[in-house]
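What follows is a set of notes on a single structure, which appears directly below.
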Amino acid sequence: MRKSTIIGAVLVGGIALAGCTPAEYDSNQPPAPGTPPADAPKMAGHASTGEHGASGPAAQLLSNRQQVLALAELGVTKATSPQAKEVAAELQRSATEQIAELGQHAGSGHTESADASLSALSGPAFDAQWKQKALALVNEAATLAKSAQNDAELKELATELVTEQQEITAKLNALA
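Number 87 in our numbering belongs to position 77 of the sequence shown; there are no gaps in the numbering.
Pasting the structure below:
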């Protein structure tokens, strides 16, 4: 084989491999395991943004509490278990108060709508899915609250949310 043919083959292979790097454009293909998202460099150092340009822990907590409120409202009306309705009402009261308080720190937001797939369920299937979604949101709130405990303006609310998470989680886990 001639030397120029080998060099040509190596160059073609190198060019082909160069095409395998993360794309500069959106793709519907999932990234390979361990590959950072294509927008990772753009995201580095940026806080998440909530409604009206608000960012940081207050905006994240506000969004979570709005989701909890929508889920709680759905639970109050659709849950079949009296215990689930009771927990939903408790979540509804606390989320309403917390949204008002967080609105002062994060700007006004909007109440998230409840999950359409959950709304379509009824009976024990609704109760089971509602419980899982409520647990996920309550645990997310606790994680967000723990990171917000260093924020002087949010410290008291963050501590309250962590305590509430423990109580609500116990009640949700006690549901059949």
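Every residue gets a Cβ at the ideal spot worked out from N, C-alpha and C, and that includes glycine. Source: prediction; values computed, not measured.
Rounded to whole angstroms, the separation of the alpha carbons of Ala152 and Ala168 is 8 Å. For the set Ala126, Ala69 and Leu81, the Cα lying nearest the Cα of Lys141 is the one of Leu81.
Judged by DSSP secondary structure, Ser129 falls within the alpha helix (DSSP H) whose first and last residues are Ala126 to Ser129. Assignment of Ser91 by DSSP, reduced to helix, strand and coil, places it in the coil class.
For Leu72, the closest alpha carbon among the candidates Leu147, Ala180, Leu131 and Asp137 is that of Leu147.
Around the CB of Arg103, fewer than 16 other CB atoms lie within 10 Å, so the residue is classed as exposed. Taking all protein chains in view, the Cβ of Ser129 is surrounded by fewer than 16 other Cβ atoms within 10 Å, so the residue is classified as exposed. In terms of CA proximity to Asn149, Ala180 leads the group Gln114, Leu164, Glu163 and Ala180.
If you ignore the 5 residues before and after Ala184, its C-beta comes within less than 8 Å of the C-beta of Gln93, all in its own chain and listed in chain order. Distances from the alpha-carbon of Ala126 to those of Lys88, Glu170, Ala69 and Leu171 put Lys88 closest.
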